[in-house]
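Enquirer: When you read off a place in the sequence shown, starting at 1, and then add 1018, the result is the number in our numbering.
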Amino acid sequence: MDDDSSVRISDELRTWVRAAGPGARLPSTRSLVQRHRAGPGTVQRALGRLVAEGLVESRPGVGAFVRTPRTLRPPDYGWQTAALGSPRARLQRGSTMRSAPEGVIGLHGGYPDRELLPERLVRAALGRAARGPGALARPPVAGLPELQAWFAQELAEAVPAGVGAPTASDPIILPGSQSGLSSVFRALVGVDQPLLLESPTYWGAISAARQAGVRLVPVPAGADGPDPVELERAFEETGARAFYAQPAFANPTGVQWSTERAEQVLAVVRRHGAFLVEDDWAHDFAITGSVRPVAALDDSGHVVHLRSLTKSVSPALRVGAVTARGPARERILADRGAEGLYVSGLLQAAAVDVLTQPGWRTHLRGLREQLRARRDLLVASLARSAPQATLERVPAGGLNLWVRLPDGTDVDQVARRCERDGLLVAPGDEWFPAEPAGPFVRLNYAGPDPGSFEAGARVLGEVLTGSGR
């Protein structure tokens, strides 16, 4: 509440600054406290925002004044073009990373709404971590042993009889799985070498692979996951030594592999002496059924398992793990050490705290029901108000719906017209490593304000009706 007050005060002061003009003296802290009935700390934080934005300058002992803008000559960075040469890959900023402006319905995002997060657990854990040794100590490169053990134990719980479980030292702690993908691709694939990956698949994995300089080889993914015959053919034709996939509630399609399909894919990977890079991004987002990672079926080091807490615990608590065995683990660890040395011990300690609280399991049970209600609400809204959009499957978990538009639809044009009418959607082309297999959009049912789903579906339906072919 106090932070909300400081934001409101800074917004009002920002308007005052623009009207007053350069050199004007701001009201004193004392008068602002009286006017807004707020504490001095709240007012100081509001002023601090304006100082940070360069709108106000503070003169100790005198007061705060509207800053006079400085006229600078435009910088010339043209020389850098010749010095740097052509980029290997351009940074891809997915549409899912955009923030929805006020009044705009956001079905484009990739993260759960704040009310779906264990906020109370996270805040308490961060407070305890700040008072603990992790606030000042440097953790091991591979991560805090207690957090490594938690990831190993969670995976071990899914291991069937007769298969060796991972040890507590196998996981390597990551600052989120995105950086883990980059390390895995560099360590196990290498520059200019082929990487097989599902198509469509997570746009961030496509971006990480391109930045790592690997060569992308799409493998079509159907309603049951990748076709083992097609995967076999791709391995034989390319000589690839790694296949990236999301077996549980794939982003964007929502497909979950059956146990039979997982065993078939694993058999193909083993025959070719290759790695399956398993991105278990939606482990905590099952709605019906449960998640058994493919890594639980393998004890010979063929599966490299990525698991992140960023979406399920908090986007501010960027902590994840990659579990690998043998020389592959050592190569990934060496890359992580060179890339970032270690992950913040403070964040790791907070993550362990959240995960070991009884309230974590309680939160996940409630989350399942909340996701079910939101998913079903968006599915029903689309059926009523955007019947032109075809939902090929209702996912059993994850955060998104993968919606096919009528053949011939210009997806980018639809996204632009939706935005004009107050709706953000994610164009499906971003999830294809090569040419898209059809016109799709991805819609997030875990985002803010489910009460706006009907209005959002109505906008999409009206745009599709008027967009033509």
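All C-beta atoms in this analysis are idealised placements derived from N, C-alpha and C, irrespective of residue type, glycine included.
1. Would the segment 1420-1432 count as touching the segment 1278-1289 if we require 3 or more Cβ pairs under 8 angstroms?
2. Residue 1056 to residue 1022, Cα distance in whole Å?
3. Along the chain, where does the beta strand (DSSP E) containing residue 1450 start, and where does it finish?
4. On the criterion of 16 or more Cβ atoms from any shown chain inside 10 Å, does residue 1474 qualify as buried, or is it exposed?
5. Below 8 angstroms, can you find three or more Cβ-Cβ pairs linking the segment 1166-1177 to the segment 1186-1200?
6. Per DSSP, what are the beta-bridge partners of residue 1323 in this structure?
7. Short of 6 angstroms in beta carbon distance, which residues of its chain neighbour residue 1050, apart from the five on each side in sequence? Order them along the chain.
8. So what does DSSP say about residue 1028, is it helix, strand or coil?
9. Buried or exposed for residue 1271, please, with buried defined as at least 16 other CB atoms from any protein chain shown within 10 angstroms of its CB.
10. Indicate the three-state DSSP secondary structure (helix, strand or coil) for residue 1422 in the structure shown.
11. If you measure between the beta carbons of residue 1201 and residue 1297, is that distance less than 8 angstroms?
12. How would you label residue 1095, buried or exposed, when you count the other beta carbons within 10 angstroms and need 16 or more for buried?
13. Is residue 1259 near residue 1292, with beta carbons less than 8 angstroms apart?
14. Where DSSP assigns a beta bridge to residue 1077, which residues make up the other side?
15. Straight-line CA distance for residue 1358 to residue 1162?
16. Excluding the 5 residues preceding and the 5 following residue 1349 in the sequence, name in chain order all residues of the same chain whose CB lies nearer than 8 angstroms to its CB.
17. Since residue 1364 contacts residue 1336 with CB under 8 angstroms, what's their CB separation in whole angstroms?
18. In angstroms, rounded to a whole number, what distance separates the CA positions of residue 1087 and residue 1032?
19. Between which two residues does the alpha helix (DSSP H) holding residue 1224 run?
20. Check residue 1385 in the structure and name its three-state DSSP category.
21. Is the distance from the Cβ of residue 1361 to the Cβ of residue 1139 below 8 angstroms?
22. Restricting to Cα atoms, I'd like to know which of 1276, 1328, 1269, 1402 is closest to residue 1447.
23. Name the two residues that bound the continuous alpha helix (DSSP H) containing residue 1370.
24. Decide if the segment 1390-1405 is in contact with the segment 1073-1088; the criterion is three or more beta carbon pairs, one per stretch, under 8 angstroms apart.
25. Threshold first: 4 residues or longer. Then list the alpha helix (DSSP H) segments lying entirely within the segment 1151-1177, N to C.
26. Mapping the DSSP letters down to three states, classify residue 1305 as helix, strand or coil.
27. Check the C-beta distance from residue 1035 over to residue 1073 and give it rounded, since I have them as a contact under 8 angstroms.
28. For the alpha helix (DSSP H) containing residue 1470, list its first residue and its last residue.
29. With a Cβ-Cβ cutoff of 8 angstroms, do residue 1235 and residue 1256 count as a contact?
30. Once you ignore the five residues that flank residue 1471 on each side, which residues in its own chain have a CB closer than 7 angstroms to its CB?
31. According to DSSP, what are the bridge partners of residue 1463?
32. Ignore the nearest five residues each way along the sequence and tell me which others in residue 1455's own chain have a CB closer than 8 angstroms to its CB.
33. Can you name the start and end residues of the alpha helix (DSSP H) that residue 1147 belongs to?
34. How many whole angstroms separate the CB atoms of residue 1314 and residue 1143, which I take to be in contact at a CB cut-off of 8 angstroms?
35. By Cβ distance below 7 angstroms, which residues in the same chain neighbour residue 1053 in space, the five residues on each side in sequence not counted?
36. If you run the structure through DSSP and keep just helix, strand and coil, what is residue 1272?
Expert: Once the coordinates are examined:
1. The segment 1420-1432 vs the segment 1278-1289: no contact.
2. Straight-line Cα distance between these residues: approximately 11 angstroms.
3. First-last for residue 1450: undefined, no H or E at that position.
4. By the neighbour-count criterion, in which 16 or more other beta carbons inside 10 Å mark a residue as buried, residue 1474 falls on the buried side.
5. Output reads yes: the segment 1186-1200 touches the segment 1166-1177.
6. Paired residue(s): 1296, 1341.
7. Answer for residue 1050: 1061, listed in chain order.
8. In the structure shown, residue 1028 sits in a helix (DSSP, three-state: H, G or I).
9. With 16 or more other Cβ atoms within 10 Å, it is buried.
10. Of the three classes helix, strand and coil, the one that applies to residue 1422 here is strand, per DSSP.
11. It is not a contact, given that the beta carbons lie outside the stated cut-off.
12. Result: exposed.
13. Contact: yes.
14. Among the bridge pairs identified by DSSP, residue 1077 is matched with 1081.
15. C-alpha separation (whole angstroms): 15 angstroms.
16. If we look at residue 1349 and ignore the five residues flanking it on each side, its Cβ neighbours are 1205, 1206.
17. At roughly 12 angstroms, the Cβ-Cβ gap does not stay under 8 angstroms, so residue 1364 and residue 1336 are not in contact.
18. Between the alpha carbons of residue 1087 and residue 1032 lies a gap of roughly 15 angstroms.
19. The continuous alpha helix (DSSP H) containing residue 1224 extends over residues 1221-1229.
20. Three-state result, residue 1385: helix.
21. With respect to residue 1139, residue 1361 sits apart: the two C-beta atoms are not nearer than 8 angstroms.
22. It is 1269.
23. Taken as a continuous stretch (DSSP letters only), the alpha helix (DSSP H) holding residue 1370 covers 1363-1373.
24. Fewer than three beta-carbon pairs drawn from the segment 1390-1405 and the segment 1073-1088 are found closer than 8 angstroms, and the two stretches are therefore not classed as touching.
25. 1163-1174, all fully within the segment 1151-1177.
26. Coil at residue 1305, not helix or strand.
27. Between residue 1073 and residue 1035 the Cβ distance is about 5 angstroms, and since that is below 8 angstroms, they are a contact.
28. No alpha helix (DSSP H) contains residue 1470, which DSSP labels as neither H nor E.
29. At the C-beta level, residue 1235 and residue 1256 come within 8 angstroms of one another.
30. If we look at residue 1471 and ignore the five residues flanking it on each side, its Cβ neighbours are 1395, 1396, 1399.
31. None; residue 1463 has no bridge partner.
32. The residues are 1217, 1218, 1238.
33. 1137-1149 is the extent of the alpha helix (DSSP H) around residue 1147.
34. 27 angstroms between Cβ atoms; not a contact.
35. Once the five neighbours on either side are set aside, residue 1053 has no close Cβ partner at all.
36. Looking at residue 1272 - three-state DSSP - the assignment turns out to be coil, as it is neither helix nor strand.
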